[in-house]
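Heads up: the protein sequence lines correspond to chains A and B, in order.
Letter 107 of the first sequence, counting from 1, is numbered 106 in numbering that gives the first Met the number 0, and no numbers are missing.
Letter 109 of the second sequence, counting from 1, is numbered 108 in numbering that gives the first Met the number 0, and no numbers are missing.
Reading through the structure tokens given below for one structure.
There are 2 protein chains.
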Amino acid sequence: MGAMQIAIPVYPGFTATDAIGPYEVLSRLPGARTVFVAREPGLVESDTGFLRIEAQPLSAVAAPAIVVVPGGPTVRVPTGDAVLLDWLRAVDRTSTWTASVCTGALLLGAAGLLRGVDATTHWEDLDRLAGFDATAVEARYVFHGKRVTAAGVSAGFDMALALAARIAGDLVAQSIQLGIEYDPQPPFRAGSPRSAPPEVLARVRSRERG
Amino acid sequence: MGAMQIAIPVYPGFTATDAIGPYEVLSRLPGARTVFVAREPGLVESDTGFLRIEAQPLSAVAAPAIVVVPGGPTVRVPTGDAVLLDWLRAVDRTSTWTASVCTGALLLGAAGLLRGVDATTHWEDLDRLAGFDATAVEARYVFHGKRVTAAGVSAGFDMALALAARIAGDLVAQSIQLGIEYDPQPPFRAGSPRSAPPEVLARVRSRERG
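See the structure below:
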């Protein structure tokens, strides 16, 4: 298999796991070359303010095979980052897969890339997808043609493993899963609004995202 | 709750998710302040070569409440990073919790911090724990006094949620879990050597990690 470029655009306020989950899985595909890019290259700070990662300019990547757009709390405020949205539209023209995690879907939507598409996002933001003419689906991840959207934050691992299987087959995807020992055993059943105890749901709904 | 410093020491070749999983969970604790540190501060490159994160000098952190040591493939080669090991011993004296993910346990072991301790690590490295007078336990994570060790890579999410509950209570931990929508749905049952199909296990065993 030849080189396969994976571009992950980041921006101030991105949620680290939204980006790092798919990075961890997809970077282990044969021939993968992952590049973090940003409108303002250099160090890009995540939503907590505690982490900065290095990013190349958006212009460093012209035709990635895969694009994975992370979300972040700031995406909830409708922003008009025209440069990023233009770049998303441009790379989507030739990408094999255009993916998002969490509220990254709202950026794909704002770029006009989810029109008529079944898609998902963080459970708190599902109702915002309709504004982009997408059909909201309550699912861990949704494949619709070459568009792939994942639910909140940690869902990027599941989505990326499913995507890895489409790209390189089940055996490769399963080997990646075993390599990262992805055998999740959450200590609580509280990860979705359907499973979380009511008091947990109320607490999260009553404030900014956890 | 007052400020609670969380230190995550990184080094060239660390596995990103080992560090970012616990960061994502623990940084959401009330009063948490997470700091990435390294013997060589500045940009520290992960095991894939595709990601660099910013780190402060080890000396910037003298008495963190929590230390979380990530692993990485290079840890498998017995190294004598005396400066890092000295720092680990020093901060462990006053830490409330000293934790590791994946082969980070081998660094804790090399620092002499796992003597007589029940501990775990990446499934491929469990037999190396005995060399540090630790008792290897096949588990997603193991609490032994203030020492907490997690299995491979992705196990840091489960460990950190359990640790968050000990620190701030179940309601807070569950709220963090819901915030990051940690409702894992791996597309395959291949995440542990017990669940993976034999051909997947053989493939991973026959080569460098994933």
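C-beta atoms are modelled at their ideal positions from N, C-alpha and C, and glycine is treated no differently.
Task: Residues within the stretch 167 to 191 of chain A neighbouring chain B, beta-carbon criterion of under 9 Å - done: 169, 170, 171, 172, 173, 174, 175, 176, 177, 178, 179, 180, 181, 182, 183, 184, 185, 186, 187, 188, 189, 190 and 191
Open item on the list: Threshold first: 3 residues or longer. Then list the beta strand (DSSP E) segments lying entirely within the stretch 134 to 160 of chain A, N to C.
Closed with: 140 to 143 and 146 to 149
- [ ] Less than 8 Å between the CB atoms is what I'm expecting for residue 84 of chain B and residue 110 of chain B, so what's the real figure, rounded?
- [x] Mapped onto the second sequence, residue 84 of chain B falls at position 85. Mapped onto the second sequence, residue 110 of chain B falls at position 111. The Cβ separation is near 4 Å, so the contact holds.
Open item on the list: I'd like to know whether the C-beta atoms of residue 186 of chain A and residue 25 of chain B end up nearer to each other than 8 Å.
Closed with: Here residue 186 of chain A refers to the residue found at position 187 of the first sequence. Here residue 25 of chain B refers to the residue found at position 26 of the second sequence. Not in contact: residue 186 of chain A and residue 25 of chain B (Cβ atoms no closer than 8 Å).
Task: Cβ-based contacts, 8 Å cut-off: residues of the stretch 38 to 55 of chain B near chain A - done: 42, 47, 49, 50, 51, 52 and 53
Open item on the list: Tell me which residues share the same chain as residue 211 of chain A and place their Cβ nearer than 7 Å to its Cβ, disregarding the 5 neighbours each side in the sequence.
Closed with: Examination of residue 211 of chain A is not possible in this model, given that chain A is present from 0 through 209 alone.
Task: Minimum Cβ-Cβ distance from residue 19 of chain A to chain B less than 8 Å - done: Here residue 19 of chain A corresponds to residue number 20 of the first sequence, with the count starting at 1. Yes, residue 19 of chain A lies at the interface with chain B (some Cβ there is under 8 Å from its Cβ).
TODO: Report yes or no: is there a C-beta of chain A within less than 8 Å of the C-beta of residue 202 of chain B?
DONE: Counting from 1 along the second sequence, the entry for residue 202 of chain B is found at position 203. Using a Cβ-Cβ cut-off of 8 Å, residue 202 of chain B counts as an interface residue toward chain A, since at least one Cβ of chain A sits closer than that to its own.
- [ ] Would you mind stating whether residue 178 of chain B and residue 9 of chain A have Cβ atoms separated by less than 8 Å?
- [x] Walking along the second sequence from the start, residue 178 of chain B turns up at place 179. Walking along the first sequence from the start, residue 9 of chain A turns up at place 10. Contact flag unset, no.
Open item on the list: Let me confirm a value: residue 157 of chain B is counted as buried when at least 16 other C-beta atoms fall within 10 Å, else exposed. Which label applies?
Closed with: As a working note, residue 157 of chain B is residue 158 in the second sequence. Buried: at least 16 other Cβ atoms inside 10 Å.
Open item on the list: One question on the structure: do residue 194 of chain A and residue 182 of chain B come within less than 8 Å of each other, judged by their Cβ atoms?
Closed with: Here residue 194 of chain A corresponds to residue number 195 of the first sequence, with the count starting at 1. Here residue 182 of chain B corresponds to residue number 183 of the second sequence, with the count starting at 1. Yes; because the gap between Cβ atoms is below 8 Å, this pair is in contact.
Open item on the list: Please report the straight-line C-alpha distance between residue 94 of chain A and residue 5 of chain A, rounded to a whole angstrom.
Closed with: As a working mapping, residue 94 of chain A is identified with position 95 in the first sequence. As a working mapping, residue 5 of chain A is identified with position 6 in the first sequence. Using only the alpha carbons, I get a separation of about 10 Å.
Task: Among A:90, A:89 and A:67, nearest to residue 162 of chain A - alpha-carbon criterion - done: What you label residue 162 of chain A is simply residue 163 of the first sequence in a count that begins at 1. Distances from the alpha-carbon of residue 162 of chain A to those of A:90, A:89 and A:67 put A:67 closest.
Task: For residue 16 of chain A, the three-state DSSP class (helix, strand or coil) - done: Locating residue 16 of chain A in the first sequence gives position 17, counting from the first residue. Looking at residue 16 of chain A - three-state DSSP - the assignment turns out to be helix.
Open item on the list: Just list the residues that DSSP pairs residue 88 of chain A with in beta bridges.
Closed with: Mapped onto the first sequence, residue 88 of chain A falls at position 89. Looking at the DSSP assignment, residue 88 of chain A forms no beta bridge with any residue, so it has no partner.
TODO: Output yes if chain A places a C-beta closer than 8 Å to the C-beta of residue 214 of chain B; else output no.
DONE: With chain B represented from 0 up to 209, any question about residue 214 of chain B goes unanswered, as that position is not in the structure.
Task: Span separating the alpha-carbon of residue 22 of chain B from that of residue 171 of chain B - done: Here residue 22 of chain B corresponds to residue number 23 of the second sequence, with the count starting at 1. Here residue 171 of chain B corresponds to residue number 172 of the second sequence, with the count starting at 1. When rounded, the distance between both Cα atoms is 16 Å.
Task: Coil, strand or helix - residue 98 of chain B by DSSP - done: Working through the second sequence from its first residue, we reach residue 98 of chain B at position 99. Looking at residue 98 of chain B - three-state DSSP - the assignment turns out to be strand.
Task: Interface residues of chain A facing residue 157 of chain B [CB-CB closer than 7 Å] - done: In the second sequence, counting from the first residue as 1, residue 157 of chain B sits at position 158. Correct list: 183, 184, 185 and 186.
Open item on the list: Beta-carbon within less than 7 Å of residue 63 of chain A's beta-carbon, same chain only, minus the 5 sequence neighbours each way: which residues are those?
Closed with: As a working note, residue 63 of chain A is residue 64 in the first sequence. Answer for residue 63 of chain A: 4, 5, 6, 90 and 94, listed in chain order.
TODO: Mind listing the chain B neighbours of residue 151 of chain A? Cutoff is C-beta to C-beta under 7 Å, in chain order.
DONE: One-based indexing of the first sequence puts residue 151 of chain A at position 152. The answer, in chain order, is 179 and 180.
Task: Through-space distance from residue 188 of chain B to residue 139 of chain A, alpha-carbon basis - done: For the purposes of this step, residue 139 of chain A is identified with residue 140 of the first sequence, where counting begins at 1. For the purposes of this step, residue 188 of chain B is identified with residue 189 of the second sequence, where counting begins at 1. When rounded, the distance between both Cα atoms is 16 Å.
- [ ] Have a look at B:61, B:141, B:174 and B:107 and flag the residue whose alpha-carbon is nearest the alpha-carbon of residue 184 of chain A.
- [x] Translated into positions along the first sequence, residue 184 of chain A becomes position 185. Nearest of B:61, B:141, B:174 and B:107 to residue 184 of chain A, Cα basis: B:141.
TODO: Just tell me which of A:120, A:32 and A:180 has its CA closest to the CA of residue 192 of chain B.
DONE: On the second sequence, residue 192 of chain B is found 193 positions in, with the first residue counted as 1. For residue 192 of chain B, the nearest C-alpha among the options comes from A:180.
Open item on the list: For a contact defined as C-beta to C-beta under 8 Å, what are the partners of residue 164 of chain A on chain B?
Closed with: Taking the first residue of the first sequence as position 1, residue 164 of chain A is located at position 165. By Cβ distance, chain B contributes 186 and 187.
Task: Own chain residues within Cβ distance below 7 Å of residue 164 of chain B, not counting five before or after - done: Along the second sequence, one-based indexing puts residue 164 of chain B at 165. For residue 164 of chain B, where only same-chain residues beyond five positions count, the Cβ hits under 7 Å are 172.
Open item on the list: Does any residue of chain A have a CB that is nearer than 8 Å to the CB of residue 69 of chain B?
Closed with: For the purposes of this step, residue 69 of chain B is identified with residue 70 of the second sequence, where counting begins at 1. It does not: the Cβ of residue 69 of chain B has no partner Cβ on chain A nearer than 8 Å.
Task: Simplified DSSP assignment, three categories, for residue 179 of chain B - done: The sequence position of residue 179 of chain B within the second sequence is 180, counting from 1. Coil.
Open item on the list: Applying the 10 Å Cβ sphere with the 16-neighbour rule, what's the burial state of residue 190 of chain B?
Closed with: For the purposes of this step, residue 190 of chain B is taken as the residue at position 191 of the second sequence. Counting Cβ neighbours within 10 Å, residue 190 of chain B comes out buried, since at least 16 surround it.
TODO: State yes or no: is the beta carbon of residue 22 of chain B nearer than 8 Å to at least one beta carbon in chain A?
DONE: Taking the second sequence and counting its residues from 1, the one referred to as residue 22 of chain B is at position 23. Chain A contact via Cβ: present.
TODO: Consult DSSP for residue 35 of chain B and reduce its assignment to one of helix, strand or coil.
DONE: Numbered from its first residue, the second sequence carries residue 35 of chain B at position 36. Secondary structure at residue 35 of chain B: strand, using DSSP grouped into helix, strand and coil.
- [ ] Step through the CB atoms of chain B and report whether any lies within less than 8 Å of the CB of residue 33 of chain A.
- [x] For the purposes of this step, residue 33 of chain A is taken as the residue at position 34 of the first sequence. At least one chain B Cβ lies under 8 Å of residue 33 of chain A.
TODO: Kindly indicate if chain B contains any beta-carbon less than 8 Å away from that of residue 58 of chain A.
DONE: If you number the first sequence from 1, residue 58 of chain A lands on position 59. No, residue 58 of chain A lies away from the interface with chain B (no Cβ there is under 8 Å from its Cβ).
Open item on the list: Using CA atoms only, rank isn't needed, just tell me which of A:41, A:56, A:17 and A:57 is closest to residue 74 of chain A.
Closed with: Here residue 74 of chain A refers to the residue found at position 75 of the first sequence. Distances from the alpha-carbon of residue 74 of chain A to those of A:41, A:56, A:17 and A:57 put A:17 closest.
TODO: Mind checking who residue 171 of chain B pairs with in its DSSP beta bridge?
DONE: Position 172 of the second sequence holds residue 171 of chain B. None; residue 171 of chain B has no bridge partner.
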